[in-house]
Amino acid sequence: MSAGQRKLSKWAMHAILIVLSIVTLVPYGWLLIASLKNQDDFFSAIFLPPGDGVFGIGWDKLTLDNYQNLFGLGFGVNLVNSIFYSATTALAATLICAATGYVLAKHQFRGRNLITVVVLGALIVPPTLLLAPGYELLYDLGLLDTAWGLLLPLLAPAFGVFLFRQAVIQSVPDELLEAARIDGASEWSIFFIVVFPLVRPMIGAFMLITFLGMWNNFISPQIVLQTADKQPLSVAISQLRGVYKTDYGLLTAATVVSVLPVAALFLLLQKQFISGLTSGAVKG
Amino acid sequence: MSAGGIDQKRVLFSWAMLAPFIVLFTVFVVYPLIQSAFLAANQTFGPGTRTFVGTKNFELLFSDPVFWKSITNTFIYAMGSLFIQLPLAFALALALNSQKLRGRGIYRLIFFSPQLMGLVFVSILGALAFEKRAGLVNQAIAFILQDPKYLEIDWLQQHVMATLILISLWLYVGFNMIYFLAALQSVDKSLMEASEIDGANAWGKLRHVIFPSVKPVATFVVLLSMIGSLQLFELPYILLENSGGPENSGLTIVMYLYQNGFDLGDLGYASAIGWVLAIILIGLALVQVKLTRAQEVRP
């Protein structure tokens, strides 16, 4: 390939990538701007409404009314619910899976192999199979329409145990545990002081994955929670669409409010997230 | 303290650490899993109202045209993922893998970003963007082709499957690209150089060096994407407002499970659907394991 051809193909590559970037990014801009427009302006312009401000745009037509209406309808409660459910699940599931994964990787006791096999076997059970019997169980336990009913079934994911078991096997040497025991450390302090720091990348990644998973979880809260005040954003927004189907300003504002906290969290922690995402794939 | 005492203490510690997981896992995974087998042999009208029907649920299911429709739709969607989404993701990963490409970090972040929105919220955005007239998609097509007739494309009524696949492209191409990028990092650089010295062209390098070394990750991504696609629920549920669309043109397997179990209250029929889906998924996973094994055995 000549230098000229090489340059041409480089520019062609950038042209394609830029077009794809625009296709990826434009919906965000559309969403954000739509949430700042009233209903008339939504129909009069795809993006910013025309007017006599700078660049011929009616900046004064942009409004926060949609957001005001949204929180007036009680959407703030759903936002708080989402934060609470996601944070609780992330913390509890991480702790439970880390403890289980560590013990299965490093401790000898009768029944260990059986538990390991059952946990690994559970990885192939599709969660949708458990929807109907899980619902019946929550009904029998009287946990329907409660936070416990939503959270308890999600705190023991076999996938998490599998990940932490792998992480401990890979990054916690036996000698270190023995040395700590000889120094007289209790088993509990070994777990929290020696093991925890060594699997910290996995803890960060798993917490983030679990947090996002709960934030975006729709089917569980949709089935378990009936009271509007208990629902997270995912369910609340789908009901909002049912009622205000043509109120584009309200629906786009609700989407912005639902997505922004998570996007911010991700941008802060993106390195950990991507490493956690691919850890199962590359090492497996 | 005797050695026996220490051992006992350690075993006690082990079980204390395991206890929360074992209790929750037994109650909320193992028990429902067993119950789902019993439920599939019953008809219910809401929870706690079982009537034993034997294998009738499965007999009904296999002669239920709506169920077959949902299977067809779900597989069309899965094929869309397999033959459009994954090749695109791989092509993007190849493009972004070049060390010389400027701005690759930014491109990578941009293409991955839709994943941050989560399926439910993407579904809401998609529902609005694919509206007739006011929606972004039709506005854009009409603007680019300079013809207002394109404002009338009725995506959500007449092109349901295409809409689902297009939205999933936007959402998942960048996500799968991340896996392929990670796999490409592991391609042996010296092997690449050697093939360059041997005068291999781009296609030769792709075929003889890159494909073989990304194959394990590729089979993993294919499996992951199939498992996800076959359980598609939120996107059509929100787009079509739980209706299945005109003539069930957008009904998926999990949506049909949901409608039967939670709209009509027949948790038995829903469990039967769940089992058929589970068997399809487990079958796929076994095929994948077989394929991976076969690769390892080959010299």
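Chains S and U supply the protein sequences, listed in that same order.
So the first sequence is residues 925 to 1208, counted in our numbering.
So the second sequence is residues 280 to 578, counted in our numbering.
From the three backbone atoms N, C-alpha and C, an ideal C-beta is built for every residue, glycine too.
Quick caveat, the model's predicted, so the values are computed rather than measured.
- The Cβ of VAL399 (chain U) sits closer than 8 Å to at least one Cβ of chain S.
- The three-state reading of DSSP puts ILE970 (chain S) in coil, since its state is none of H, G, I, E or B.
- Taking a contact as a CB-CB distance under 8 Å, the pair PHE409 (chain U) and THR948 (chain S) does not count as one, their CB atoms being some 16 Å apart.
- Neighbourhood of ASN1140 (chain S) in chain U, by CB distance below 7 Å: GLY397, LEU398, VAL399, in chain order.
- Non-local C-beta neighbours of ASN321 (chain U) in its own chain, meaning closer than 7 Å and more than five positions away in sequence, comprise ARG329, THR330, PHE331, VAL332, GLY547, ordered along the chain.
- If you compare the alpha carbons of U:ILE489, U:GLU431, U:LEU536, U:MET471 with that of ILE1143 (chain S), the shortest gap goes to U:LEU536.
- THR987 (chain S) sits in coil when the DSSP states are folded into three classes, being neither helix nor strand.
- Bounds of any beta strand (DSSP E) do not take in ASN352 (chain U); it lies within the alpha helix (DSSP H) bounded by 344-359.
- Considering only S:LYS1169, S:LEU1047, S:LEU1132, S:ALA1177, the residue with the shortest C-alpha distance to ALA1014 (chain S) is S:LEU1132.
- Around the C-beta of GLY523 (chain U), 16 or more other C-beta atoms lie within 10 Å, and the residue is accordingly described as buried.
- For the 8 Å CB-CB criterion, THR1179 (chain S) and LEU955 (chain S) form a contact.
- Counting along the chain, THR1134 (chain S) sits inside no beta strand (DSSP E); it lies in the alpha helix (DSSP H) bounded by residues 1124-1140.
- Under the criterion of beta carbons closer than 8 Å, VAL500 (chain U) and LEU450 (chain U) do not qualify as touching, at roughly 15 Å.
- For GLN378 (chain U), no Cβ of chain S is located within less than 8 Å of the residue's own Cβ.
- The three-state secondary structure of ASN321 (chain U), taken from DSSP, is strand.
- Neighbourhood of SER1144 (chain S) in chain U, by CB distance below 8 Å: empty, with the nearest CB roughly 11 Å away.
- Among the residues facing chain S, GLN538 (chain U) is not included, as its CB has no counterpart in that chain under 8 Å away.
- Check the Cα spacing between ILE1161 (chain S) and each of S:PHE999, S:ASP989, S:TYR991, S:LEU941: the tightest is with S:PHE999.
- Apart from the 5 residues on each side of it in sequence, LYS484 (chain U) sits with its Cβ closer than 6 Å to the Cβ of SER474 in its chain, given in chain order.
- When 9 Å is used as the limit between beta carbons, ILE1117 (chain S) is near no residue of chain U, the shortest such separation being about 15 Å.
- DSSP places THR1170 (chain S) outside both helix and strand once states are collapsed to three, so it counts as coil.
- The Cβ of VAL1183 (chain S) sits closer than 8 Å to at least one Cβ of chain U.
- Around the C-beta of ASP965 (chain S), 16 or more other C-beta atoms lie within 10 Å, and the residue is accordingly described as buried.
- Taking a C-beta distance under 8 Å as the contact criterion, LEU563 (chain U) and VAL452 (chain U) do not qualify as a contact pair.
- Boundaries of the beta strand (DSSP E) around THR330 (chain U): 329-331.
- With fewer than three CB-CB distances shorter than 8 Å, the region 413-429 of chain U does not count as touching the region 1178-1192 of chain S.
- By the criterion of a C-beta distance shorter than 7 Å, SER1095 (chain S) is surrounded in its chain by LEU1122, VAL1123, once the five residues flanking it on both sides are discounted.
- When the five nearest sequence neighbours on each side are left out, the beta carbons in the same chain lying within less than 6 Å of the beta carbon of GLN394 (chain U) are those of PHE454, in order along the chain.
- Closest in alpha carbon position to PHE324 (chain U), among U:ALA549, U:THR571, U:LYS569, U:ILE558, is U:ALA549.
- Checking the DSSP bridge columns, you'll see ILE981 (chain S) partnered with S:PRO974.
- As the crow flies, the alpha-carbon of ALA370 (chain U) is around 15 Å from that of VAL466 (chain U).
- Of all residues in the region 316-334 of chain U, only LEU318, PRO326, GLY327 place a beta-carbon less than 7 Å from a beta-carbon of chain S.
- Between the region 1076-1096 of chain S and the region 994-1008 of chain S, the count of C-beta pairs closer than 8 Å stays below three; the two stretches do not touch.
- Judged by their CB atoms, LEU530 (chain U) and ASN352 (chain U) are nearer to each other than the 8 Å cut-off.
- Secondary structure of PRO515 (chain U) (DSSP, three-state): helix.
- The alpha carbon of LEU514 (chain U) has as its nearest neighbour, out of U:TRP347, U:ILE403, U:LEU373, the alpha carbon of U:ILE403.
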